[in-house]
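A.B. asks: Let me begin by handing over the structure; questions about it come next.
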Amino acid sequence: MCCGYLAWVHLRSVQKLDLDLKCRLKQLVVVVVVGSVVVAVGVGLVVVVVVVVVVVTVAAAAAVVVVVVVVVASVVVAVGVGLVLVVVVVVVVVVVVVGFVNVVLSYGSDL
């Protein structure tokens, strides 16, 4: 009876550890994805500001139409850069997390 109780206590602790690990993995994924989106948007905004300042400075004497076209094009490019960064970071995070979860699940049964 004592061995059965100890086995039950051990099983419960392993199950609790597994639930804690899954919860922490979910939190990690949320933090990394949100952080990568924030960083990518920040990089995109910095690119927009730099390009707009350069274009306005260089083309101060140029026609207004040229300035507007260049500013719009720079905004489109900056947003594209931000989106590419988001996609790359999310893909890397998903690959790493899926690999980690597979390792944990494959060795988790040995606990």
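For what it's worth, the numbering used here labels the leading residue of the sequence shown as 18, then goes sequentially. The C-beta atom is built at its ideal place from N, Cα and C for all residues, glycine as well.
(1) Taking contact to mean at least 3 C-beta pairs separated by less than 8 Å, is the stretch 56–65 in contact with the stretch 102–114?
(2) Give me the residue from S123, K43, G61 and V47 with the minimum Cα distance to G97.
(3) What's the C-alpha gap between V46 and N119?
(4) Less than 7 Å between the C-beta atoms of V87 and V72, yes or no?
(5) If distances are taken between C-alpha atoms only, which option among V64, V49 and V115 comes closest to V94?
(6) Rounded to the nearest angstrom, what separates V51 and K43 at their Cα positions?
C.D. replies: Taking the coordinates as given:
(1) yes
(2) For G97, the nearest C-alpha among the options comes from G61.
(3) Their backbone Cα atoms lie some 15 Å apart in a straight line.
(4) yes
(5) V64
(6) 12 Å
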